[in-house]
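> Everything in the sequence shown is counted per full-length UniProt numbering, starting at 1 for the first residue and increasing by one.
Just so it is clear, CB atoms sit at the ideal spot from N, CA and C, and this is done for glycine as well.
This structure is a prediction, so every number in the text was calculated from the model and none was measured.
Okay, here's the structure, questions in a sec.
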Amino acid sequence: MQFDKTHEMFRDSLRDYLESEIEPDVQELDKQEMTKEEAVGYLRDLRKLGIGFDQETAQDYFGDLKYYVIGSEEISRVWPSLNVMLNMSFPAMFANWASEETQDALGDKLESGEAIGALGVTEPGSGSHSSKPNTVARKDGDEYVINGEKTWVSNAQICDLTMIVAWDEENDAQDMFIVDQENSPFDTRKLDKLGWKGSPTGQMFFDDVRVPEDNKLSNAIRNLILEHGDLAEALPFPNEMVDLFLSHKPLNAIFSFMRTGMAAMAVGIQQAAYEDALEYATDRETFGKPIAQHQLVQNRLYEMKANVETSRLLTHEAVEKLSNADDESRMYSSLAKGYACDKSVETARHGVELYGGNGLSTDYPLERYYRDAQTMTIPDGTEEIMKLIVGYEMTDMSAYA
Numbered sequence: 001m002q003f004d005k006t007h008e009m010f011r012d013s014l015r016d017y018l019e020s021e022i023e024p025d026v027q028e029l030d031k032q033e034m035t036k037e038e039a040v041g042y043l044r045d046l047r048k049l050g051i052g053f054d055q056e057t058a059q060d061y062f063g064d065l066k067y068y069v070i071g072s073e074e075i076s077r078v079w080p081s082l083n084v085m086l087n088m089s090f091p092a093m094f095a096n097w098a099s100e101e102t103q104d105a106l107g108d109k110l111e112s113g114e115a116i117g118a119l120g121v122t123e124p125g126s127g128s129h130s131s132k133p134n135t136v137a138r139k140d141g142d143e144y145v146i147n148g149e150k151t152w153v154s155n156a157q158i159c160d161l162t163m164i165v166a167w168d169e170e171n172d173a174q175d176m177f178i179v180d181q182e183n184s185p186f187d188t189r190k191l192d193k194l195g196w197k198g199s200p201t202g203q204m205f206f207d208d209v210r211v212p213e214d215n216k217l218s219n220a221i222r223n224l225i226l227e228h229g230d231l232a233e234a235l236p237f238p239n240e241m242v243d244l245f246l247s248h249k250p251l252n253a254i255f256s257f258m259r260t261g262m263a264a265m266a267v268g269i270q271q272a273a274y275e276d277a278l279e280y281a282t283d284r285e286t287f288g289k290p291i292a293q294h295q296l297v298q299n300r301l302y303e304m305k306a307n308v309e310t311s312r313l314l315t316h317e318a319v320e321k322l323s324n325a326d327d328e329s330r331m332y333s334s335l336a337k338g339y340a341c342d343k344s345v346e347t348a349r350h351g352v353e354l355y356g357g358n359g360l361s362t363d364y365p366l367e368r369y370y371r372d373a374q375t376m377t378i379p380d381g382t383e384e385i386m387k388l389i390v391g392y393e394m395t396d397m398s399a400y401a
């Protein structure tokens, strides 16, 4: 995948911001979840750099997925928690085509790109099985009444709106519903976790929560087509990716998009671990010489570099497939996510062990890289699920049952 000068300029400006404004304080920032006010501040900063979910910024950032993969890698190289908050706010884009009540409630936040979104898929007891959710939406007049629970939701406690997967009882089918906190309030509960400490994560509880019928995603898409005639004119994605969205289950298309971003995140974590390990190995001396001069240390550096570059190449291939709505998009996004996240754990572990005792110290970033890398392996599909998806795409035979 080739990048032009505008892509490199974007990377440089983003890296300058991250290294000057985030990196000096990231060890402290990551010790506790960011507040909603802090998250909005980061969204404002990133929008100035061309990253955001308002209609104008999103058209540029997602219209060329190379910007998206650069952004995901660069932000995660410095602070993965920030990238999680950012990327998981993407449901805010769909709120532009939800009911008037929701659009009015979010108002200026949608225009300024300061609306924080969340995606509710996982449920207690169901894990990776999202095809038949226990959360149900019952039609009642011109509204849907939602009951259920979601767990391990990024941005749960700070979001302005969420898009959840629920079972549409009227149509006896899976659908997605946009729920904004102002008109349709729901309860949340914080969850603590191993990594991504700066990213808020929690549960969501829906107890007879009512949403307008236009907040059902399939209805919002229908209204969007009626208004614009062509969905590609309204959504901030390449035309080919819009075709992918329409030709597959929307959730599968969304997951292909998210998993490609997760792979880029894993590359960013690996890059950071490799850079720090290389610098440490050339500076740290034992037995009168830099530890980089020891054969086994060079072997670790070799493994780290190989992991970074192969993960990056596979991620870029997934971006190409996704950008062109290739039939293999789902397979490559799952392949990249599974491989890059697995290798991020291995790469971070090499870094920790190369640092020796210092690798265990919270005064150094290696233990954070390791925790963040391990956290990468489960959200948006575990490594095992990625293998089953790839296996199905290769053989056209399901191993789920």
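When the distance is taken between beta carbons, is residue 85 closer than 8 Å to residue 155?
Against a cut-off of 8 Å, the Cβ pair of residue 85 and residue 155 comes out as a contact.
> Just to confirm the assignment, what range does the alpha helix (DSSP H) spanning residue 137 have?
Looking at the DSSP string, residue 137 is not in any alpha helix (DSSP H); the run it does join, the beta strand (DSSP E), is 136–140.
> Over the uninterrupted beta strand (DSSP E) stretch that includes residue 144, give me the two end residues.
From DSSP, the beta strand (DSSP E) with residue 144 extends over 143–154.
> Please work out which residues of its chain come closer than 8 Å, Cβ to Cβ, to residue 322, disregarding the five sequence neighbours upstream and downstream, and give them in chain order.
Only 65, 241, 244, 256, 257, 260, 329, 332 and 333 meet the Cβ criterion.
> Hey, how far is the Cα of residue 339 from the Cα of residue 151?
Each residue's alpha carbon lies about 25 Å from the other.
> Are there three or more Cβ pairs, one per stretch, closer than 8 Å when the segment 339–356 is compared with the segment 280–300?
Verdict: yes, contact present.
> Pull the bridge partners of residue 167 from the DSSP assignment, please.
Partner(s): 136 and 174.
> CB residue 118 to CB residue 106, shorter than 8 Å?
No, the pair does not count as a contact, with Cβ atoms beyond the cut-off.
> My guess is that residue 99 and residue 212 are in contact by the Cβ rule of under 8 Å, so how many angstroms apart are they, rounded?
With 8 Å as the limit, residue 99 and residue 212 qualify as a contact, their Cβ atoms being about 4 Å apart.
> Alpha carbon to alpha carbon, how far is residue 296 from residue 73?
Taking the straight line joining both Cα atoms gives about 28 Å.
> To the nearest angstrom, how far is the alpha carbon of residue 227 from that of residue 220?
Each residue's Cα considered, the two are about 10 Å apart.
> Residue 34 and residue 58 - do their beta-carbons sit closer together than 8 Å?
For residue 58 and residue 34, no; Cβs fall outside 8 Å.
> Use the C-beta contact count for residue 102: other C-beta atoms within 10 angstroms, 16 or more gives buried, fewer gives exposed.
Result: buried.
> So what does DSSP say about residue 90, is it helix, strand or coil?
Three-state result, residue 90: helix.
> Roughly how many whole angstroms lie between the Cα atoms of residue 370 and residue 346?
Residue 370 and residue 346: Cα-Cα distance of roughly 9 Å.
> From which residue to which residue does the alpha helix (DSSP H) around residue 295 run?
Note, residue 295: alpha helix (DSSP H), 295–323.
> Please confirm whether residue 175 and residue 218 have their CB atoms less than 8 Å apart.
For residue 175 and residue 218, yes; Cβs fall inside 8 Å.
> What number of angstroms, rounded off, separates the C-alpha of residue 157 from the C-alpha of residue 201?
Distance between the alpha carbons of residue 157 and residue 201 is about 7 Å.
> Can the beta-carbon of residue 132 be found less than 8 Å from the beta-carbon of residue 167?
Closer than 8 Å, so yes.
> Taking the straight line between their C-alpha atoms, what separation do you get for residue 26 and residue 315?
Between residue 26 and residue 315, the C-alpha separation is close to 26 Å.
> Along the chain, where does the beta strand (DSSP E) that runs through residue 202 open and close?
Run containing residue 202: 201–212, per the beta strand (DSSP E) assignment.
> Taking only the alpha-carbon atoms, compute the straight-line gap between residue 113 and residue 17 and give it to the nearest angstrom.
The straight-line gap from Cα to Cα measures roughly 19 Å.
> Taking residue 91 and residue 161 to be in contact with their CB atoms under 8 Å, please state how far apart those CB atoms are, rounded to whole angstroms.
About 6 Å; that satisfies the 8 Å criterion.
> Between the Cα of residue 55 and the Cα atoms of 274, 108, 391 and 80, which residue gives the shortest distance?
Ranking 274, 108, 391 and 80 by Cα distance to residue 55 puts 108 first.
> If I measure Cβ to Cβ from residue 143 and keep anything under 7 Å in the same chain, skipping five residues before and after, which residues do I get?
The answer, listed in chain order, is 210, 211, 212 and 213.
> Comparing C-alpha positions only, which one of 326, 196, 319 and 355 sits nearest to residue 336?
Comparing Cα positions, the closest option is 319.
> Assign residue 285 to one of three DSSP states: helix, strand, or coil.
Strand at residue 285.
> Compare the beta carbon distance of residue 147 and residue 207 with 8 Å and say whether it is the shorter of the two.
Contact flag set, yes.
> With a threshold of 16 other CB atoms inside 10 Å of the CB of residue 395, please say whether the residue is buried or exposed.
Per the 10 Å Cβ criterion, exposed.
> Using the three-state DSSP reduction, which class does residue 191 fall into: helix, strand or coil?
Coil.
> Verify whether the separation of the beta carbon atoms of residue 77 and residue 263 is less than 8 Å.
No, the Cβ-Cβ distance between residue 77 and residue 263 is not below 8 Å.
> Tell me the rounded alpha-carbon separation between residue 3 and residue 299.
If I take the Cα positions, the gap works out to 31 Å.
> Measuring alpha carbon to alpha carbon, tell me which of 95, 193, 140 and 224 ends up nearest residue 164.
Residue 164 has its Cα closest to that of 95, out of 95, 193, 140 and 224.
> Would DSSP call residue 352 helix, strand or coil?
Residue 352: helix per DSSP, three-state reduction.
> From residue 301 to residue 63, what does the alpha carbon distance come to, in whole angstroms?
Cα to Cα, residue 301 sits roughly 36 Å from residue 63.
> Mapping the DSSP letters down to three states, classify residue 236 as helix, strand or coil.
Residue 236 falls in the coil class under three-state DSSP.
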